[in-house]
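J.: Just passing along the structure, written as structure tokens.
2 protein chains.
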Amino acid sequence: MEMSDKLNALGAGLKSKPFPPGRVKIADALRLLLEQKEFNAITTAEISRQAGVTEALIYKYFKDKRDLLHQVLSEYLEQYCVLVQGDLKGIKGALNKLRKLIWSHINVYATSRVFAKILLIEARSHNDYYHSDTYELVKVYSDVILEILEEGVLNREIRDDIPAQLIRQIILGSIEQVCLTGITFDRAIDPDALTEDICEIIFNGIIP
Amino acid sequence: MEMSDKLNALGAGLKSKPFPPGRVKIADALRLLLEQKEFNAITTAEISRQAGVTEALIYKYFKDKRDLLHQVLSEYLEQYCVLVQGDLKGIKGALNKLRKLIWSHINVYATSRVFAKILLIEARSHNDYYHSDTYELVKVYSDVILEILEEGVLNREIRDDIPAQLIRQIILGSIEQVCLTGITFDRAIDPDALTEDICEIIFNGIIP
DNA sequence: TTCATAAGGTAAATATTACTAACCCACACC
DNA sequence: GGTGTGGGTTAGTAATATTTACCTTATGAA
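Chains as they are written, first to last, in the working numbering: chain A, 172 to 379; chain B, 172 to 379.
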């Protein structure tokens, strides 16, 4: 399957170089601070204080304050990609894969809210995100969904008269909207219930 | 219909006070600048220069730089609410209303991209948006959708075993995701085609 | 042994930027 | 005829992201 290959390729680059302690401390500090406030309200001074290093060190390891954000997001994404790779293993049928993927997606947002906040709120508000390497990771994940959908069309599990890209957007849009409210209002997110309902609606809409 | 009432109430507050020229110039300036770059990259100096007033005047009329953003958003929202009010007039049936509303929603994003940018990207990235008066407007609009859905449940047009709030989120999520990519990549947005496909999928999912 | 070079980290300065305090002017209205 | 008051400006100020130059240790090649 091409899909697993792609995610595998991602996972491969994971264990390359051990980051220097300062870099780790800075990334940790940002993650911690993001639990309390939004990115723009976090100052470099605060980050360095929390990390126990000097402000200038941030700029040794990161081009920007935003580059720091992107790299932290990147780490989350890589973890999530290997996770999905495992989750999808051994599942037969496009709709079954889709259901599992939707569950995993909602579940990771429910579990790791900082990840969700960065991806859903902070990243998109600056154009350079869409030119970053990090965004390429998202595209790979996004392609995986597309491939599942195309597999479904071939298997006659999914109708072929609506562009797969649009179906993907509707799926992603639904997931993200549902989670976004949970995230911003600090409400619980129930992956099982949400997956159930989302699939119930969308699957009825996309079966032939 | 309660729905029209609510939107009417909004429209009523529209023609209250004529804004002083400086205030208008500042709001215009921000709208113009938002076509070119994102909010955080726009400086108060830039806004005042573009408006032909001094920087301090911004703070006579607006609490914050973000308050300026919220008020500009507010103006867009009010306009959109009266527009929807007209669009929905005389349409019978929940699904028909829903289709029209989806079209109007997509269409306004397609037409006025600055509005879309603010609402979809800039506003959500700061928590105080959710405590602002502007957000109350969004909630009113959001309630209108809910009422249409509930009407549909009563008419047996829409299934009753999935929470209306969730259906609303899926509808809004789909619309926003679809438009968001169009906005961020400056691609064309085709309201007719998108409405057609979105309704085709979601309606199949929500009919009994 | 020695010397270069690089990696990890710091101290101190700087240019921008959002925001404020104090002031000016004109016109309406008792 | 003063007296606000609405619309506007001048001239700051404190924070903040980012830069420049520097220090220290350790590795490794000659």
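Every residue gets a Cβ at the ideal spot worked out from N, C-alpha and C, and that includes glycine.
Taking only beta-carbon atoms, is Val311(B) less than 8 Å away from chain A?
T.: No, because no Cβ of chain A sits closer than 8 Å to the Cβ of Val311(B).
J.: Go ahead and pull the three-state DSSP assignment for Pro334(A).
T.: Residue state, collapsed to three classes: coil.
J.: CA-CA distance, His146(A) and Ile338(B)?
T.: Given that chain A is displayed from residue 172 to residue 379, the structure contains no residue 146(A) and the question cannot be resolved.
J.: Is the beta carbon of Gly251(B) sitting closer than 8 Å to the one on Val279(B)?
T.: The sequence given here has Tyr at residue 251(B), not Gly. The answer is yes: Cβ separation under 8 Å.
J.: How would you list, in chain order, the residues of chain B whose beta-carbon sits under 8 Å from the beta-carbon of Thr352(A)?
T.: Correct list: Gln340.
J.: Are the C-beta of Thr355(B) and some C-beta of chain A separated by less than 8 Å?
T.: Yes, because at least one Cβ of chain A sits closer than 8 Å to the Cβ of Thr355(B).
J.: How far does the alpha helix (DSSP H) with Glu307(A) in it extend, from its first residue to its last?
T.: Taken as a continuous stretch (DSSP letters only), the alpha helix (DSSP H) holding Glu307(A) covers Asp304 to Leu325.
J.: Report yes or no: do the region 224-240 of chain B and the region 311-328 of chain B share at least 3 C-beta pairs separated by less than 8 Å?
T.: Output reads no: the region 311-328 of chain B does not touch the region 224-240 of chain B.
J.: Starting from Gly223(B), trace the alpha helix (DSSP H) in both directions and tell me its first and last residue.
T.: Run containing Gly223(B): none; DSSP gives neither H nor E here.
J.: Counting C-beta neighbours from all protein chains within 10 Å, is the total for His297(B) 16 or more, i.e. buried, or is it exposed?
T.: With 16 or more Cβ atoms within 10 Å of its Cβ, His297(B) is classed as buried.
J.: Within 10 angstroms of the Cβ of Leu351(A), are there 16 or more other Cβ atoms? Answer buried if so, exposed if not.
T.: It is buried - the Cβ of Leu351(A) has at least 16 other Cβ atoms within 10 Å.
J.: Can you find a C-beta in chain A that's less than 8 Å from the C-beta of Leu204(B)?
T.: It does not: the Cβ of Leu204(B) has no partner Cβ on chain A nearer than 8 Å.
J.: Looking at the structure shown, is Lys362(A) part of a helix, part of a strand, or coil, going by DSSP?
T.: First, the residue type needs correcting, since residue 362(A) is Pro and not Lys in the sequence shown. Looking at Pro362(A) - three-state DSSP - the assignment turns out to be helix.
J.: Ignore the nearest five residues each way along the sequence and tell me which others in Ala198(B)'s own chain have a CB closer than 6 Å to its CB.
T.: If we look at Ala198(B) and ignore the five residues flanking it on each side, its Cβ neighbours are Val243.
J.: Answer yes or no: does any C-beta atom of chain A fall closer than 8 Å to that of His297(B)?
T.: Answer yes: the Cβ-Cβ gap between His297(B) and chain A drops below 8 Å somewhere.
J.: Could you check if Thr366(B) is buried or exposed, using at least 16 other CB atoms within 10 Å of its CB as the buried criterion?
T.: With 16 or more Cβ atoms within 10 Å of its Cβ, Thr366(B) is classed as buried.
J.: Using CA atoms only, rank isn't needed, just tell me which of Ser245(A), Ile218(A), Lys196(A) and Val255(A) is closest to Ile316(A).
T.: Closest option to Ile316(A), Cα to Cα, is Val255(A).
J.: Assign Phe356(B) to buried or exposed, taking buried as 16 or more other Cβ atoms, counted over all protein chains shown, within 10 Å of its Cβ.
T.: Label assigned to Phe356(B): exposed.
J.: Just confirm the distance between the C-beta atoms of Ser345(A) and Ile373(A), as a whole number of angstroms; I'd bet it's less than 8 Å.
T.: About 7 Å; that satisfies the 8 Å criterion.
J.: Considering only heavy atoms of the ligand MG, does any lie closer than 7 Å to the CB of Gly344(B)?
T.: The model on display carries no ligand, and the ligand MG is accordingly not part of it.
J.: Can you pull the chain A neighbours of Ile377(B), defined as C-beta to C-beta under 9 Å?
T.: Simply Ile372, Asn375 and Gly376.
J.: Where does Asp299(B) sit, in a helix, a strand or coil, going by DSSP?
T.: Three-state DSSP puts Asp299(B) in a helix.
J.: At a Cβ threshold of 8 Å, is Glu293(B) touching chain A?
T.: So, interface residue.
J.: Secondary structure at Glu249(B), three-state DSSP: helix, strand or coil?
T.: Helix.
J.: Grab me the residues of Ile341(B)'s own chain with a C-beta within less than 7 Å of its C-beta, minus the 5 sequence neighbours each way, in chain order.
T.: Only Ile373 meet the Cβ criterion.
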